[in-house]
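*Asks:* Sharing a structure here in structure tokens format.
2 protein chains.
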Amino acid sequence: MEKDRVRISALLDLYGAALPARQRDVLDLYYNDDLSLAEIAEDTGITRQGVRSALLKGEAFLSGMEESLGFFAKGQRIRSAAEEIARAADAAGDEGLARLSARLLAEI
Amino acid sequence: MEKDRVRISALLDLYGAALPARQRDVLDLYYNDDLSLAEIAEDTGITRQGVRSALLKGEAFLSGMEESLGFFAKGQRIRSAAEEIARAADAAGDEGLARLSARLLAEI
Chain A
1 MEKDRVRISA
11 LLDLYGAALP
21 ARQRDVLDLY
31 YNDDLSLAEI
41 AEDTGITRQG
51 VRSALLKGEA
61 FLSGMEESLG
71 FFAKGQRIRS
81 AAEEIARAAD
91 AAGDEGLARL
101 SARLLAEI
Chain S
1 MEKDRVRISA
11 LLDLYGAALP
21 ARQRDVLDLY
31 YNDDLSLAEI
41 AEDTGITRQG
51 VRSALLKGEA
61 FLSGMEESLG
71 FFAKGQRIRS
81 AAEEIARAAD
91 AAGDEGLARL
101 SARLLAEI
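Sequences listed follow chains A and S, in order. Those letters in the first sequence? Residues 1 to 108, by the working numbering. Those letters in the second sequence? Residues 1 to 108, by the working numbering.
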């Protein structure tokens, strides 16, 4: 469950900008600010049932985006390859390459 | 115009899987197989007006996805940083790092 939270939060970072604003806001309050459904309902003026529905729709959208586009999985593969380069550059004592690797990791 | 073609073809690679199948097929025939509107209409059994409409809708979808998600621009920044690493690894004569850089570039 906690793993799901981390994954959905990551998908929200990646794909959230393509979500309808209401769903994005509800997911953000739930997954990033850790509010309960009741708290989100109170904060947004949406009914609790509406909050639940926005959460479910938003999660389904994010999962569908990753299933069709796969940018989360791709980002993980790129990060893993970049981290390996950073370790190798450190091991070789090559400061220039270590700096370039750090810059690359910041872009991912 | 040719630059637009290359860009839309790249966006189609990135985001095409999230397009409705008909729009994706029409864009693919137009941008990757270089067919004319008349040829696409004949091949797919869609009217020429329908082909034009699917092209416009598909292009708008792809541009909107890039505007909100920015994966094309991000991919270019990552590729540029990875190419710089590959050049530095070559210049340092470090075969291990050159191999890791090639693997990274293949993931992007």
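Heads up, the beta-carbon is just placed ideally off N, CA and C, and yes, glycines get one too.
Cα separation between S:L27 and S:S68?
*Replies:* Going from the Cα of S:L27 to the Cα of S:S68 covers about 20 Å.
*Asks:* Of all the residues that make up the segment 85-106 of chain A, which are near chain S by a beta-carbon distance shorter than 8 Å?
*Replies:* Within the segment 85-106 of chain A, the qualifying residues are I85, A88, A89, A92, D94, G96, L97, L100, S101, R103, L104.
*Asks:* Short of 8 Å Cβ to Cβ, which residues in the segment 73-84 of chain A face chain S?
*Replies:* Flagged, chain order: K74, R77, I78, A81, A82, E84.
*Asks:* From S:A21 to A:R99, what distance separates their C-alpha atoms?
*Replies:* If I take the Cα positions, the gap works out to 44 Å.
*Asks:* Can you name the residues of chain A whose CB is closer than 8 Å to the CB of S:I108?
*Replies:* Here the neighbours are I78.
*Asks:* Is the beta carbon of A:R24 sitting closer than 8 Å to the one on A:L37?
*Replies:* No.
*Asks:* Are the CB atoms of A:L12 and A:L62 within a distance shorter than 8 Å?
*Replies:* It is a contact, given that the beta carbons lie within the stated cut-off.
*Asks:* Thinking C-beta only, is A:L105 closer than 8 Å to A:K82?
*Replies:* The sequence given here has Ala at residue 82 of chain A, not Lys. The answer is yes: Cβ separation under 8 Å.
*Asks:* What does A:L69 reach in chain S if we use C-beta pairs closer than 7 Å?
*Replies:* Within 7 Å Cβ-Cβ: Y15, A17, A18.
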